[in-house]
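Line by line, the protein sequences give chains A and B. Sequential numbering of the first sequence, starting at 25, is according to our numbering. Sequential numbering of the second sequence, starting at 124, is according to our numbering. Glycine included, each C-beta is placed from N, C-alpha and C at the ideal position. From a predicted model like this one, the values you see are computed outputs, not experimental measurements. First up is the structure itself, then whatever we jot down about it.
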Amino acid sequence: MRLPTQWLGVAPFFIFAIMFLILPTLYLMLGAFQNDAGEFTFENIAALAQPSIVAAYWISIKVSLASSLIGAFAGLAIAIAIVRGGLPEWIRSATLTFSGVASNFAGVPLAFAFIATLGRLGLATVILNTLFGLNIYAHGFNILSFWGLTLTYVYFQIPLMVVIIVPAIDGLKKEWGEAAATLGATMAQYWRMVVIPVIWPSFLGTVILLFANAFGAIATAYALTGSSLNIVPILLYAQIRGDVLHNAHLGYAIAFGMIFITGLANVFYIWFRTRSERWLK
Amino acid sequence: MKSGKFWAWVVFALGAAYFFIPLIATVEFSMRMRRGEYSFDAYKVVLGDARFQATFGYSVLAAVFTIILGVLIVVPAAYWIRLRLPQLRPIVEFITLLPLVIPAIVIVFGYIRMYGSNSPLPFLATDTGTNALLVIGYATLALPYMYRAVDTGLRTIDVRTLTEAAQILGAGWGTIITRVILPNVLIAVLSGAFLTFAIVIGEFTMASLLNRPAFGPYLQNIGANRAYEPAALAIIAFAITWGCMSLIQILSRFAPRSANRPN
């Protein structure tokens with residue numbers, strides 16, 4: 025087989041990926057280090073240090089971290105419960121089906137659902153108030169706040185964790201538990217020395233996926249809070265629409281910062297994984 | 124083990140409460156439009172809205188084109204890598220994971236700057252071009268899912284033997300892909316297609332920034348201006364997602380079990 029036809033099958037894929045994934049991203053990355061005259065500069069990156077942008081990054085990181093950690097641990101607990109908890113088989117399959125749906129139920133409709141639940145006139149808000157006399161809004165809760173957004177994101181974070189981690193827990197062989205028990209291990213030792221090391225890489229990888237998932241999300245937050253909660257994607261959205269920062273290259277720098285953070289998360293993941301794999305050998 | 128089972132039920136019940144209360148609340152809220160009694164008025168208003176029909180139709184069409192584009196890009200590449208270029212697998216897998224790392228808003232921002240009216244490839248100069256760019260953007264978003272689905276499908280068939288058999292019978296590459304490989308991975312491709320549909324149908328960021336009359340921006344607009352209709356729309360959107368996922372599950376029952384025989 026001659027060389028050109030050898031590459032023909034993968035050519036559309038690579039042309040597409042370079043034109044519509046890699047080059048547009050690189051364009052922004054380079055733009056982040058250029059001024060209007062096209063000269064190399066660190067000014068745009070330095071300009072990210074202004075308080076409003078730092079605050080946007082900080083709240084984005086907090087929401088992503090909180091929602092991914094809550095989602096990860098809750099998802100892990102649910103996964104262990106349905107795989108190892110001795111629950112009826114139909115609960116396991118129903119939970120997995122539902123998780124597939126809920127992990128894709130994000131964006132604008134999810135925001136609507138949470139406004140109908142925990143908004144000022146939402147069902148849960150009203151029921152808590154009339155039945156238990158608990159006015160959550162008087163106690164400082166607001167759906168348009170950090171915790172409101174986190175609680176909403178968790179709705180797609182937990183199911184995503186369940187979908188990814190159930191196969192990993194399935195991979196734990198029954199024999200390992202029996203072997204550990206034969207050797208006199210307690211339940212705690214079995215978990216600490218067998219279960220956690222085995223599922224640790226997939227768990228950590230999923231946490232990072234959840235983090236990136238929340239960090240880049242905009243539709244849910246935008247529909248939920250308008251622009252009242254200043255997270256990075258909403259800031260970037262406003263910048264793309266109307267150059268609110270009055271500096272096109274600062275927009276590039278914000279995009280660069282977003283990729284930098286999600287990229288950094290992935291570097292951590294790879295580092296952790298190689299470490300844990302070495303340790304598993 | 125008894126206490127283990129008890130805690131499993133507790134965890135499951137808490138999870139079920141967290142996931143079902145918002146759904147119940149949304150259904151209840153969507154039926155409150157008529158004062159003093161429950162009704163389906165909000166659904167009637169939404170479904171009768173000409174803008175709902177127009178934007179929904181637009182997004183369905185965008186989803187169909189996205190699926191076609193995704194299949195055209197992914198199937199030949201995944202097939203070819205299994206057959207001839209396994210050394211490219213890590214690179215291709217890395218690229219298909221990129222859309223999970225690069226946020227959609229950054230990708231579309233890059234498009235706006237790279238393919239503007241003054242650029243060498245002025246996609247954004249015309250309506251057709253912008254529509255094409257939206258479909259392209261959606262295809263990148265769907266890339267991780269489409270690739271994984273197709274690759275899993277290919278794993279269950281013996282690509283090499285099928286290809287050689289077809290070649291012996293005199294088939295060309297086009298025939299092999301469309302008449303041998305594609306029918307064998309059709310179920311996997313359809314799974315990827317329905318997932319793509321679920322992702323694309325209500326997508327907001329790209330459609331909004333490219334100023335397309337799609338369903339996502341319409342949803343956002345209704346959310347900002349109406350009270351009960353958003354809840355009805357949320358239920359409709361949930362039903363669509365549910366429908367797509369159920370179709371994938373039903374399809375997976377017809378999927379071939381691993382056919383990779385040990386040689």
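Neighbourhood of T178 of chain B in chain A, by CB distance below 8 angstroms: empty, with the nearest CB roughly 12 angstroms away. Closest in alpha carbon position to F235 of chain A, among A:F57, A:V34, A:S91, is A:S91. Per the DSSP secondary-structure output, Q343 of chain B pairs with nothing in a beta bridge. The criterion of a C-beta distance shorter than 9 angstroms is satisfied by V197 of chain B and Y270 of chain B.
Across the region 189 to 205 of chain B, CB contacts with chain A closer than 9 angstroms involve L192, L195, I196, V197, P199, A200, A201, Y202, W203, I204, in sequence order along the chain. The C-beta of Q58 of chain A comes no closer than 9 angstroms to any C-beta of chain B.
Secondary structure of Q74 of chain A (DSSP, three-state): coil. Straight-line measurement puts the Cα of A103 of chain A at about 15 angstroms from the Cα of F129 of chain B.
For D274 of chain B, the uninterrupted alpha helix (DSSP H) run begins and ends at 250 to 278, by DSSP. B:M237 is the residue among B:V183, B:M237, B:G193, B:R174 whose C-alpha sits nearest the C-alpha of L47 of chain A.
Residues of the region 282 to 297 of chain A with a C-beta atom less than 8 angstroms from some C-beta of chain B are M282, I283, T286, G287, N290, listed in chain order.
Between the region 349 to 364 of chain B and the region 143 to 150 of chain B there are three or more C-beta pairs closer than 8 angstroms, enough to call the two in contact.
Taking A56 of chain A as reference, the option from A:N68, A:E63, A:L45 with the minimal CA-CA separation is A:N68. Here F64 of chain A carries a strand assignment [DSSP, helix/strand/coil].
Within chain A, the C-beta atoms nearer than 7 angstroms to that of E151 of chain B come from L147, in chain order. Counting only Cβ-Cβ distances below 8 angstroms, G339 of chain B has contacts in chain A at G131, V132, A243, in chain order. Per DSSP, P48 of chain A is one residue of the alpha helix (DSSP H) stretching across 47 to 55. Residues of chain A whose Cβ lies closer than 8 angstroms to the Cβ of Y234 of chain B are, in chain order, F44, P48.
The beta carbons of I182 of chain A and S123 of chain A sit closer together than 9 angstroms.
When rounded, the separation of the alpha-carbon atoms in T364 of chain B and V125 of chain A is 6 angstroms. Interface criterion not met: the Cβ of P245 of chain B is under 9 angstroms from no Cβ in chain A. Where D194 of chain A is concerned, the enclosing alpha helix (DSSP H) starts and stops at 170 to 194.
Around the C-beta of N59 of chain A, fewer than 16 other C-beta atoms lie within 10 Å, and the residue is accordingly described as exposed. Taking C-beta atoms as the reference points, T244 of chain A and T298 of chain A fail to come closer than 9 angstroms.
Residue environment for H273 of chain A: buried (at least 16 other C-beta atoms within 10 angstroms of its C-beta). In this structure the region 195 to 202 of chain A does not lie against the region 158 to 172 of chain A, because fewer than three pairs of beta carbons, one per stretch, are closer than 8 angstroms. Less than 9 angstroms separates the beta-carbon of L248 of chain A from that of L173 of chain A.
Below 8 angstroms, enough C-beta pairs join the region 249 to 257 of chain A and the region 69 to 88 of chain A to call them touching: three or more. L52 of chain A and Y261 of chain A do not touch by the CB rule: their CB atoms are close to 15 angstroms apart, not below 8 angstroms. Using beta-carbon distances, M156 of chain B does not count as an interface residue toward chain A, since no partner is under 9 angstroms.
Looking at the DSSP output, Q58 of chain A shares a beta bridge with A:F64. Interface flag for E326 of chain B against chain A is set, since a Cβ pair is found closer than 9 angstroms.
Close to chain A, meaning a Cβ-Cβ distance shorter than 9 angstroms, are the following residues of the region 221 to 233 of chain B: L221, P222, L223, V224, I225, P226, A227, I228, V229, I230, V231, F232, G233. For T298 of chain B, the secondary structure class from DSSP, reduced to helix, strand or coil, is helix.
Taking 8 angstroms as the upper bound on Cβ-Cβ separation, chain A lies near residues G339, L342, Q343, G346, A347, P353, A354 of the region 339 to 355 of chain B. Between the C-alpha atoms of R265 of chain A and N290 of chain A there is a straight-line separation of about 29 angstroms.
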